[in-house]
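K.L.:
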Amino acid sequence: MEIYIVEDDISVINVLEDIIESNGLGTVCGNSGGRPADPAEVARLNPDVVLVDFLMPEKDGIQFVRELKAAGSTARCIMISQVSAKDLIGKAYSAGIDFFISKPINIIEVKSVIENVERQIQNERTLSNIRKMFMAEMNEMPKEKQKSDAYVKKLQLILNRIGMSGEKGCDDIIKICQYLHATKSPSLR
Numbered sequence: 004m005e006i007y008i009v010e011d012d013i014s015v016i017n018v019l020e021d022i023i024e025s026n027g028l029g030t031v032c033g034n035s036g037g038r039p040a041d042p043a044e045v046a047r048l049n050p051d052v053v054l055v056d057f058l059m060p061e062k063d064g065i066q067f068v069r070e071l072k073a074a075g076s077t078a079r080c081i082m083i084s085q086v087s088a089k090d091l092i093g094k095a096y097s098a099g100i101d102f103f104i105s106k107p108i109n110i111i112e113v114k115s116v117i118e119n120v121e122r123q124i125q126n127e128r129t130l131s132n133i134r135k136m137f138m139a140e141m142n143e144m145p146k147e148k149q150k151s152d153a154y155v156k157k158l159q160l161i162l163n164r165i166g167m168s169g170e171k172g173c174d175d176i177i178k179i180c181q182y183l184h185a186t187k188s189p190s191l192r
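So for the sequence shown, the numbering used here puts the first residue at 4; every next one is plus one.
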């Protein structure tokens with residue numbers, strides 16, 4: 004997992020880099036070097052996670068996150084700050100951050116938050132792969148309306164390939180898919 008650090012204090016950058024690398028949380032692919040970071044440049048680097056300081060000169064963390072998201076970045080943003088005002092923290096979440104870590108930096112908190120973000124990223128990738136496999140199978144079906152038995156067999160094949168056949172809820176998934184197919188839901192086209 005690649006992590007970029009946006010922070011105006013070099014000593015905090017060094018502490019974060021040490022925590023990340025010594026705990027095997029990922030690779031630091033860059034940092035702002037104590038200066039304002041260019042959101043477009045960070046987006047081009049395509050990190051998985053961006054650690055952002057809230058209070059920075061010239062541009063605060065909220066504005067940086069907004070510009071980063073506007074630049075097309077899908078990076079998860081973790082804000083780090085000594086700010087404890089609930090309204091400011093709420094604005095940060097509204098801007099698109101995923102987690103908020105309070106300063107002073109706590110190794111256990113940083114490690115826990117980054118591990119949680121990594122699990123979320125892995126879960127989303129797994130779900131995306133399942134969705135792609137499901138859609139590929141559905142797209143292989145002829146365009147004309149399928150008989151119910153053939154459709155159910157195809158669904159069972161898909162569930163078998165993703166290791167879910169025979170699992171709790173499998174029948175419910177098939178029933179939902181049959182309903183969506185019968186009502187011609189756009190999500191299954």
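We put the beta carbon where it would ideally sit given N, CA and C, even for glycine.
Run through the DSSP bridge pairs and tell me what D214 is partnered with.
P.N.:
With the chain running from 4 to 192 in the structure shown, residue 214 is simply not present.
K.L.:
Taking N17 as part of the alpha helix (DSSP H), name the residues at either end of that continuous run.
P.N.:
Sequence index remark: in the sequence shown, residue 17 carries index 14 (1-based). Taken as a continuous stretch (DSSP letters only), the alpha helix (DSSP H) holding N17 covers I13 to S25.
K.L.:
Thinking just about the alpha-carbon of each residue, which of G27, E20, D51 and N34 is nearest to the one in R128?
P.N.:
As a first step, residue 128 is located in the sequence shown; it is residue number 125 there, counting from the start. Cα-wise, what sits closest to R128 is D51.
K.L.:
Entirely within the region 86 to 126 and at least 4 residues each: give me those alpha helix (DSSP H) ranges in chain order.
P.N.:
89 to 98
K.L.:
Comparing C-alpha positions only, which one of I104, A74, E61 and K72 sits nearest to M82?
P.N.:
Here the question's residue 82 lines up with position 79 in the sequence shown. When each option's Cα is compared against that of M82, the closest is I104.
K.L.:
Can you tell which of M59, L54 and R38 has its C-alpha closest to the C-alpha of L28?
P.N.:
What you label residue 28 is simply residue 25 of the sequence shown in a count that begins at 1. Across the set M59, L54 and R38, the C-alpha of L54 shows the shortest separation from the C-alpha of L28.
K.L.:
If you draw a straight line from the alpha carbon of P42 to that of M138, how long is it in whole angstroms?
P.N.:
Against the sequence shown, residue 42 aligns to sequence position 39. Against the sequence shown, residue 138 aligns to sequence position 135. Near 34 Å, if we compare the C-alpha coordinates of M138 and P42.
K.L.:
Give the C-beta separation of Y7 and L48 to the nearest angstrom, bearing in mind that I take them to be a contact with Cβ-Cβ under 8 Å.
P.N.:
Looking up residue 7 in the sequence shown gives position 4. Looking up residue 48 in the sequence shown gives position 45. Sure, about 6 Å apart at Cβ, within 8 Å.
K.L.:
If you draw a straight line from the C-alpha of I23 to the C-alpha of M4, how long is it?
P.N.:
As a working mapping, residue 23 is identified with position 20 in the sequence shown. As a working mapping, residue 4 is identified with position 1 in the sequence shown. Those two C-alpha atoms are separated by around 10 Å.
K.L.:
With 16 other CB atoms within 10 Å as the buried threshold, where does N34 fall?
P.N.:
Here residue 34 refers to the residue found at position 31 when the sequence shown is read from its first residue. With 16 or more other Cβ atoms within 10 Å, it is buried.
K.L.:
What is the residue span of the beta strand (DSSP E) that G64 lies within?
P.N.:
Residue numbering aside, residue 64 sits at position 61 when the sequence shown is read from its first letter. No beta strand (DSSP E) holds G64; the alpha helix (DSSP H) holding it covers G64 to A73.
K.L.:
In terms of alpha-carbon separation, which member of Q181, N132, D152 and D175 lies closest to R164?
P.N.:
Position 161 of the sequence shown, counted from the start, is the residue given in the question as residue 164. Measuring from the Cα of R164, the nearest candidate turns out to be N132.
K.L.:
Is T77 helix, strand or coil when you go by DSSP?
P.N.:
Along the sequence shown, read from residue 1 onward, the residue named residue 77 stands at position 74. Three-state DSSP puts T77 in coil, outside helix and strand.
K.L.:
Kindly indicate which residue of E118, R122 and D56 has the alpha-carbon position closest to the one of I100.
P.N.:
Sequence index remark: in the sequence shown, residue 100 carries index 97 (1-based). The candidate whose alpha carbon is nearest that of I100 is D56.
K.L.:
Where does N109 land, buried or exposed, given buried means 16+ other C-beta within 10 angstroms?
P.N.:
Residue numbering aside, residue 109 sits at position 106 when the sequence shown is read from its first letter. That one is exposed.
K.L.:
Less than 6 Å between C-beta atoms, sequence neighbours within five positions excluded: which residues of the same chain meet that for I117?
P.N.:
The residue labelled residue 117 in the question sits at position 114 within the sequence shown. Taken in chain order, the residues that qualify are L28.
K.L.:
Measure the alpha-carbon distance for V9 versus Q181 and round it to whole angstroms.
P.N.:
Along the sequence shown, one-based indexing puts residue 9 at 6. Along the sequence shown, one-based indexing puts residue 181 at 178. Roughly 48 Å separates the two Cα atoms.
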